[in-house]
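Enquirer: Here the numbering used here is used: position 159 in the sequence shown is 317, and no number is missing along the way.
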Amino acid sequence: MAVICVAREFAALGDETVHELASMTGYKAIDKGYIEGKMAERGISPEVRLKYDEKKPGFWASLSQDRDDYLHFLKTVLYEETAAGDCIVSGRGGSAIFAGIPGVLFIKLVSPRDVRLKRICTRFQCDDKRAELLLKQSDRDRKGFHDYFFGVDWNDPVYYDLTINTGREHPATVARIIDQLRSLIITEESEKACMARMAELKLGQEIITEIVYARRVPVHFIEADVKGSSVVLHGVTNTQSAIDAASAGAQSVRGVELVENAIQIVQEFAVMP
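1. Sort Tyr317, Val235, Asp286 and Gly258 by Cα distance to arginine 166 and report the nearest one.
2. Three or more C-beta pairs closer than 8 Å, one from the segment 232-250 and one from the segment 286-296: is that the case here?
3. Return the chain-ordered list of same chain residues with a C-beta closer than 7 Å to the C-beta of valine 262, the five sequence neighbours on each side being excluded.
4. With DSSP run on the structure shown, which of helix, strand or coil describes cysteine 163?
5. At the level of alpha carbons, what is the spacing between leucine 342 and leucine 179?
6. Hey, how far is the Cα of proline 329 from the Cα of arginine 271?
7. Please name the residue, chosen from Phe231, Pro376 and Gly393, that lies closest to aspartate 383 on a Cα-to-Cα basis.
8. What first and last residue would you give for the beta strand (DSSP E) that runs through glutamate 388?
9. In whole angstroms, what is the alpha-carbon distance linking lysine 385 and glutamate 358?
10. Report all residues from its chain with a CB closer than 7 Å to the CB of glutamate 238; omit the five preceding and five following residues, and keep chain order.
11. Check each candidate in Val206, Val235 and Lys213 and name the one with the smallest Cα separation from serine 222.
12. What separation, rounded to the nearest whole angstrom, lies between the Cα atoms of tryptophan 218 and lysine 276?
13. Which of the three DSSP states, helix, strand or coil, is assigned to asparagine 313?
14. Tell me whether the beta-carbon of valine 247 lies closer than 8 Å to the beta-carbon of leucine 232.
15. Report all residues from its chain with a CB closer than 8 Å to the CB of isoleucine 380; omit the five preceding and five following residues, and keep chain order.
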């Protein structure tokens, strides 16, 4: 029940490799189309997804509630899918969101710049100048997305178990390499630990959804740290009633047995609308 996260440069055959790997292993591909469909079901509009999907938001977008909604429901979708195991997460900050979790394999796909430019020209039927602009924009967006939402350097190799140059190899070959690495380093013990942690992350996200989106409790910067069936709530608010409401919301979520509330009262706290 392993999880594979695949980061990929634009025009490094990422989508093709993910689909080959899914076909080879029987794992579910959690790619852009799949995630967008799930987020649409939760009311995240195409306009909002376009503003935040794998890019750093502009100034006004960074101050909007849409930003928080996008990240919350992105994590919700990813936690739900990975809790079921045997899936491949394509991009969307997977290497940052699931960092440190046992049983997760982190891969990055890259290609030489000239190869990427040729692929872009072919795919978009454009000239070299246009291809160069598209490549630079994508590289800037993906780095900015990771910097802004997760505070990590997308280009730092320490976030990946393996970086593969797809400049010469067919996606099917790259997929076989990834699958072989999975079989070598992902053990039964690490898979069990992975599934246990994914279940905790999923439960924590359900708790936040209940408190913030279902009950509209005014708690800011809320976190739900789940260990087994116990949860510790963190965040800030300005009333004791909000703290009590958050505890009640958490307790109502199926699977929660014990709630510890560490939310703090800050009387003068306010956020931009």
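For every residue, glycine included, the Cβ atom is placed at its ideal position computed from N, Cα and C. The structure presented is a predicted model; accordingly, all values stated were derived computationally and were not measured.
Expert: Working from what's here:
1. Checked all of Tyr317, Val235, Asp286 and Gly258; the closest Cα to arginine 166 is Tyr317.
2. At 8 Å Cβ cutoff, the stretches do not touch.
3. Val161, Cys163, Phe256 and Cys352, listed in sequence order.
4. It is a strand residue.
5. Per the coordinates, the alpha-carbon of leucine 342 lies some 16 Å from the alpha-carbon of leucine 179.
6. Looking at the backbone, the Cα of proline 329 and that of arginine 271 are separated by about 18 Å.
7. Restricting attention to Phe231, Pro376 and Gly393, the CA atom closest to the CA of aspartate 383 is found in Gly393.
8. One detail in the question is off: residue 388 reads as serine in this sequence, not glutamate. Unbroken beta strand (DSSP E) run through serine 388: 388-395.
9. Cα-Cα distance, rounded: 6 Å.
10. So the qualifying residues of the chain are Lys360.
11. Looking at the Cα atoms, Val206 is the closest of the given residues.
12. Because tryptophan 218 carries a pLDDT of 48, less than 50, the predicted location of this residue cannot be relied on, and the following value inherits that uncertainty. In this structure, the CA atom of tryptophan 218 is about 35 Å from the CA atom of lysine 276.
13. Under the three-state reduction of DSSP, asparagine 313 is assigned to coil, being neither helix nor strand.
14. No, the Cβ-Cβ distance between valine 247 and leucine 232 is not below 8 Å.
15. Excluding sequence positions up to five before and after isoleucine 380, its CB lies within less than 8 Å of the CB of Ile366, Ile369, Val370, Leu391, His392, Gly393, Ala404 and Ile421, all in the same chain and listed in chain order.
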